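Have a look at the structure below before the remarks.
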Amino acid sequence: MNDELRETLTYIKEDLAPKIFEQVENGNPADLGCDVFMNAYGLVYKTHEIDDNSHFLYEEYTNLARTYTEKTSKPKLLCSEGRNLVVNLHKSWKKHKILVYWLQKIFCILDLYHVKNNGLSRIVPLGLQLFKTELFDLISKSKIRAALIEQIQYEREGNGSNASYMRKCLSCLSEIAARDASLTKRKNQKKIIWEGIPNYEFSKEIFEESYLQGVKLYYTSKPIGWMSSLLIPKNFQEAIKIFEEESERIRSYENLQNKLLNIIAEEIVKRVALSLADILETGKIRMFDQDKRDEVKMMFEVFKNYETALQSITPGFKLYIEKKGLEIISDEKLQQDPIEYTRAILKYEAETDKLTDYLFSNHFAFQKSSSSAFCNFINKFSCSAPYVVDYSDYMMKKGLLGLSDREIDIRLSEIAMIFVWLYDKDIFINLYARLLAKRLLDRTSISNDAEKILIEKLKIEGGYAIVNKIYSIYQDISLSEVITAEFNQNYNQDGLHEIQFSAQILKSGCCPGISSEACLLPYKIQALAKEFSLFYKNKYSGRSITWATGLGTVEIRSLFLNKSYNFIVNPYQAVILLMFNNGNTYSVRELRENSKLSENTFKANFIKFFSPKSKIFNKESRGKTLNDEELITINENFAAATVRIIYIPKKAVRASKPSHNEEVIIAISERKQILDAIIVKIAKARIVMKHQELVSEVLEEVKSFKPQLSMIKAQIESLIEREFLARDINDLSAYHYVP
Numbered sequence: 001m002n003d004e005l006r007e008t009l010t011y012i013k014e015d016l017a018p019k020i021f022e023q024v025e026n027g028n029p030a031d032l033g034c035d036v037f038m039n040a041y042g043l044v045y046k047t048h049e050i051d052d053n054s055h056f057l058y059e060e061y062t063n064l065a066r067t068y069t070e071k072t073s074k075p076k077l078l079c080s081e082g083r084n085l086v087v088n089l090h091k092s093w094k095k096h097k098i099l100v101y102w103l104q105k106i107f108c109i110l111d112l113y114h115v116k117n118n119g120l121s122r123i124v125p126l127g128l129q130l131f132k133t134e135l136f137d138l139i140s141k142s143k144i145r146a147a148l149i150e151q152i153q154y155e156r157e158g159n160g161s162n163a164s165y166m167r168k169c170l171s172c173l174s175e176i177a178a179r180d181a182s183l184t185k186r187k188n189q190k191k192i193i194w195e196g197i198p199n200y201e202f203s204k205e206i207f208e209e210s211y212l213q214g215v216k217l218y219y220t221s222k223p224i225g226w227m228s229s230l231l232i233p234k235n236f237q238e239a240i241k242i243f244e245e246e247s248e249r250i251r252s253y254e255n256l257q258n259k260l261l262n263i264i265a266e267e268i269v270k271r272v273a274l275s276l277a278d279i280l281e282t283g284k285i286r287m288f289d290q291d292k293r294d295e296v297k298m299m300f301e302v303f304k305n306y307e308t309a310l311q312s313i314t315p316g317f318k319l320y321i322e323k324k325g326l327e328i329i330s331d332e333k334l335q336q337d338p339i340e341y342t343r344a345i346l347k348y349e350a351e352t353d354k355l356t357d358y359l360f361s362n363h364f365a366f367q368k369s370s371s372s373a374f375c376n377f378i379n380k381f382s383c384s385a386p387y388v389v390d391y392s393d394y395m396m397k398k399g400l401l402g403l404s405d406r407e408i409d410i411r412l413s414e415i416a417m418i419f420v421w422l423y424d425k426d427i428f429i430n431l432y433a434r435l436l437a438k439r440l441l442d443r444t445s446i447s448n449d450a451e452k453i454l455i456e457k458l459k460i461e462g463g464y465a466i467v468n469k470i471y472s473i474y475q476d477i478s479l480s481e482v483i484t485a486e487f488n489q490n491y492n493q494d495g496l497h498e499i500q501f502s503a504q505i506l507k508s509g510c511c512p513g514i515s516s517e518a519c520l521l522p523y524k525i526q527a528l529a530k531e532f533s534l535f536y537k538n539k540y541s542g543r544s545i546t547w548a549t550g551l552g553t554v555e556i557r558s559l560f561l562n563k564s565y566n567f568i569v570n571p572y573q574a575v576i577l578l579m580f581n582n583g584n585t586y587s588v589r590e591l592r593e594n595s596k597l598s599e600n601t602f603k604a605n606f607i608k609f610f611s612p613k614s615k616i617f618n619k620e621s622r623g624k625t626l627n628d629e630e631l632i633t634i635n636e637n638f639a640a641a642t643v644r645i646i647y648i649p650k651k652a653v654r655a656s657k658p659s660h661n662e663e664v665i666i667a668i669s670e671r672k673q674i675l676d677a678i679i680v681k682i683a684k685a686r687i688v689m690k691h692q693e694l695v696s697e698v699l700e701e702v703k704s705f706k707p708q709l710s711m712i713k714a715q716i717e718s719l720i721e722r723e724f725l726a727r728d729i730n731d732l733s734a735y736h737y738v739p
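Sequential numbering from 1 applies to the sequence shown in UniProt numbering.
Here it is in structure tokens:
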């Protein structure tokens with residue numbers, strides 16, 4: 001050891017170190033002044049370059065940290081017991097970090113070369129580790145454990161108001177056990193900041209198990225009356241405070257915090273809430289009825305982190321929603337009006353959404369309970385599916401008029417939402433398909449874009465297989481425009497044909513209920529229809545067209561009057577009008593027989609031509625009566641205010657609306673076929689299976705409706721009779737697939 005090194009070590013050890021130790025204990029080492037530390041750093045920097053002096057300097061740094069621990073921290077800690085041990089441990093560790101921070105200001109040059117070249121611990125981690133090896137490891141784990149538990153108990157009893165102090169103590173344990181760390185200090189601040197990866201395993205070893213056992217013992221030992229008093233609504237705030245303080249103590253330990261919450265949920269919330277919420281007058285359901293919503297909100301704040309406790313509230317919330325919902329669907333006035341019925345459901349759903357948001361912050365469990373409640377009570381009214389379809393039809397014809405794109409999207413999303421709740425999705429689809437086809441054929445829909453959007457929403461919610469029928473109708477109408485345009489281009493290339501033709505083509509089976517009385521079309525229209533059928537057959541091999549001659553619209557220009565008018569009529573009326581191209585006078589009987597129409601259809605459509613404001617024909621009788629033998633003649637004095645006149649009856653026979661009962665009958669028939677197909681498919685794949693397994697798989701497979709168990713059983717029996725299935729001889733509860 002050379003003289004220069006000896007002088008440096010002597011100065012640091014005998015002159016500077018005592019001053020630093022004193023400032024660490026009683027003040028702030030920074031008060032010594034930057035010049036002192038810069039001078040010491042300069043001596044170390046100058047000395048470490050000579051010979052092997054770095055080795056001695058590294059040892060001196062180690063001895064200084066060890067000396068401080070031996071003289072100041074060890075005497076205090078080794079004689080401390082209980083809560084004093086916790087307090088002194090935290091203070092000693094804090095001071096030790098301050099010491100290491102200022103010592104590394106002097107010896108930091110050693111990290112650059114000596115430590116790196118010799119594979120040694122860096123200055124700061126070495127100094128921090130000395131606290132553990134020279135002091136902390138000498139204290140028994142049981143002693144530390146007991147001290148921590150005593151501190152927690154002390155705070156729980158209300159003697160300590162700062163639960164964060166315990167959290168700092170636990171953080172101290174994780175820092176002491178860390179393998180690597182650094183110390184920093186922000187400018188103009190005294191606080192030394194520890195930076196590293198905390199070692200929670202060390203804290204877990206000496207503290208976690210005992211702490212959790214202590215928590216459980218503490219709360220289970222409390223009288224049931226004490227816990228019950230906390231869960232009475234007026235005392236919820238006190239309960240929240242207790243749980244928050246308990247969590248605050250171990251906030252830096254995420255895994256430990258979750259375990260703590262589970263224990264509290266099990267020992268306090270679950271044990272008391274399950275009984276208390278049902279027996280107290282201010283319990284679950286009654287709290288909603290009496291509008292004690294602020295108290296419910298506080299209950300949720302207590303329970304929200306405890307899954308088992310939430311399960312004690314959600315059933316009550318669900319029953320509350322169902323109770324209100326049953327009042328809506330039982331209202332006799334609403335049952336007579338599909339539009340108002342659906343509006344009432346949507347209004348109630350919006351109110352429930354706001355309530356869920358306010359009380360439960362839109363927690364998923366309560367959203368799920370709300371949806372389940374709506375699903376339950378809506379399906380208790382057999383007309384819910386048809387009524388929602390009628391509401392959809394109204395919205396597409398009138399309800400969406402004048403709304404913005406955003407408002408339209410909201411209205412359509414509401415329809416899709418109710419669709420999800422319906423068990424009778426198949427009835428909804430069949431009815432909706434019929435009304436969609438009618439809207440598209442009659443061109444009464446406000447917006448084609450809205451029609452497309454709703455179909456997409458239904459497809460997302462129900463799947464393509466369920467809404468395939470609806471989707472096909474819209475695709476068919478769009479394709480019809482392309483096919484008609486192509487036909488007209490080929491058929492009328494010379495531009496001489498006087499009839500402008502447009503056909504709307506729908507697949508058979510996609511639009512149930514769209515039917516009409518057959519109509520004997522005039523010769524020219526028959527010829528045109530024949531040409532179109534041939535064109536379509538050539539374009540799509542294997543397909544054929546069946547004409548619904550009673551549907552559609554005809555625009556006829558009158559050339560037999562002094563002024564030209566355009567008459568908008570249906571095919572039945574067109575047949576009658578065009579007869580007068582061949583004569584000026586006919587009897588009612590002749591017109592009816594030549595048109596081949598039934599008496600009711602003929603009268604309903606022909607009588608429109610005698611409207612006083614747009615009277616095309618004259619008849620001998622007055623009023624709306626039509627006698628078979630009376631003569632009909634053209635009104636030579638015909639005049640109208642507009643050139644374009646509509647004669648189509650508002651209540652035309654051509655598209656009478658089947659009752660909902662008819663649709664239910666159709667749906668039941670289709671359901672049997674669906675169940676047959678699914679049962680056979682499952683049985684074929686499994687060959688042999690138990691009755692309960694088969695029923696369970698069928699329930700999972702069926703998406704378009706909710707089958708009753710009796711219906712599934714009936715179809716199984718039917719398949720046995722038809723020899724698709726057979727019972728097992730040795731086990732009557734099992735079935736065999738019959739190839």
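Note that the Cβ used here is the ideal one computed from N, Cα and C, for glycine as well.
In this text the structure is predicted, and so the values were computed from the model without any measurement.
How long is the line joining the alpha carbons of residue i and residue j, rounded to whole angstroms?
{"i": "phenylalanine 374", "j": "alanine 344", "result": "12 Å"}
{"i": "glutamate 332", "j": "glutamate 349", "result": "20 Å"}
{"i": "glutamine 500", "j": "asparagine 618", "result": "30 Å"}
{"i": "leucine 719", "j": "alanine 683", "result": "11 Å"}
{"i": "alanine 640", "j": "proline 338", "result": "39 Å"}
{"i": "leucine 578", "j": "isoleucine 646", "result": "16 Å"}
{"i": "arginine 6", "j": "glutamine 213", "result": "56 Å"}
{"i": "leucine 709", "j": "leucine 725", "result": "18 Å"}
{"i": "valine 100", "j": "asparagine 2", "result": "27 Å"}
{"i": "leucine 89", "j": "lysine 354", "result": "51 Å"}
{"i": "phenylalanine 580", "j": "isoleucine 556", "result": "12 Å"}
{"i": "serine 121", "j": "threonine 314", "result": "57 Å"}
{"i": "cysteine 172", "j": "asparagine 28", "result": "21 Å"}
{"i": "asparagine 605", "j": "leucine 551", "result": "13 Å"}
{"i": "isoleucine 679", "j": "valine 738", "result": "12 Å"}
{"i": "cysteine 519", "j": "valine 575", "result": "8 Å"}
{"i": "residue 755", "j": "isoleucine 139", "result": "Any property of residue 755 remains undetermined from this structure, which presents the chain solely from 1 to 739."}
{"i": "tyrosine 721", "j": "lysine 706", "result": "For clarity, residue 721 is glutamate in the given sequence; the question names tyrosine instead. Spanning the two alpha carbons is a distance of roughly 24 Å."}
Count the other CB atoms, across all protein chains shown, that sit within 10 Å of the CB of residue i; report buried if there are 16 or more and exposed otherwise.
{"i": "alanine 652", "result": "Confidence is the limiting factor: at alanine 652 the pLDDT is only 41, short of 50, which leaves the residue's position unreliable, though a coordinate-based value still follows. With 16 or more Cβ atoms within 10 Å of its Cβ, alanine 652 is classed as buried."}
{"i": "valine 296", "result": "buried"}
{"i": "serine 312", "result": "buried"}
{"i": "serine 733", "result": "exposed"}
{"i": "aspartate 426", "result": "buried"}
{"i": "asparagine 117", "result": "exposed"}
{"i": "aspartate 393", "result": "buried"}
{"i": "glutamate 155", "result": "buried"}
So which of the options has the shortest CA-CA distance to residue i?
{"i": "phenylalanine 638", "options": "Asp628, Pro612, Pro649 and Asn627", "result": "Pro612"}
{"i": "residue 781", "options": "Ala385, Ala437 and Lys19", "result": "The chain is shown from 1 up to 739; residue 781 falls before or after that span and cannot be answered."}
{"i": "asparagine 26", "options": "Ile98, Arg589 and Ser330", "result": "Ile98"}
{"i": "arginine 592", "options": "Met298, Ser621 and Asn627", "result": "Asn627"}
{"i": "cysteine 79", "options": "Leu135, Arg543, Pro571 and Ile12", "result": "Leu135"}
{"i": "isoleucine 477", "options": "Ile687, Gln504, Lys398 and Asn490", "result": "Gln504"}
{"i": "asparagine 730", "options": "Gly316, Lys690 and Leu506", "result": "Lys690"}
{"i": "isoleucine 12", "options": "Phe37, Gly33 and Gln23", "result": "Phe37"}
{"i": "leucine 597", "options": "Thr585, Glu517 and Glu670", "result": "Glu517"}
Starting from residue i, trace the alpha helix (DSSP H) both ways and give me its first and last residue.
{"i": "tyrosine 113", "result": "First-last for tyrosine 113: undefined, no H or E at that position."}
{"i": "isoleucine 645", "result": "That residue, isoleucine 645, is in no alpha helix (DSSP H); its beta strand (DSSP E) goes 644 to 646."}
{"i": "tyrosine 594", "result": "Note that residue 594 is asparagine in the sequence shown, not tyrosine. First-last of the alpha helix (DSSP H) with asparagine 594: 588 to 595."}
{"i": "alanine 385", "result": "384 to 394"}
{"i": "valine 575", "result": "571 to 579"}
Can you give me the start and stop residues for the beta strand (DSSP E) that residue i sits inside?
{"i": "leucine 631", "result": "631 to 634"}
{"i": "histidine 736", "result": "734 to 737"}
{"i": "methionine 689", "result": "688 to 690"}
{"i": "residue 787", "result": "The question about residue 787 has no answer here: the residues shown for the chain are numbered 1 through 739."}
I'd like to confirm something about residue i: is its beta-carbon nearer than 7 Å to some heavy atom of the ligand FMN, or not?
{"i": "arginine 122", "result": "No copy of the ligand FMN occurs in the structure displayed, which carries no ligand at all."}
Item to complete: Could you pull out every unbroken beta strand (DSSP E) segment of at least 3 residues lying fully inside the stretch 176 to 206, listed in chain order?
Response: 181 to 185 and 192 to 196
**Study point:** Whole alpha helix (DSSP H) elements within the stretch 303 to 337, 4-residue minimum
**Key:** 307 to 329 and 332 to 335
Exercise. Identify every run of the alpha helix (DSSP H) within the stretch 37 to 124, keeping only runs that are complete inside it and at least 4 residues long; order them along the chain.
Key: 53 to 68, 74 to 78 and 82 to 107
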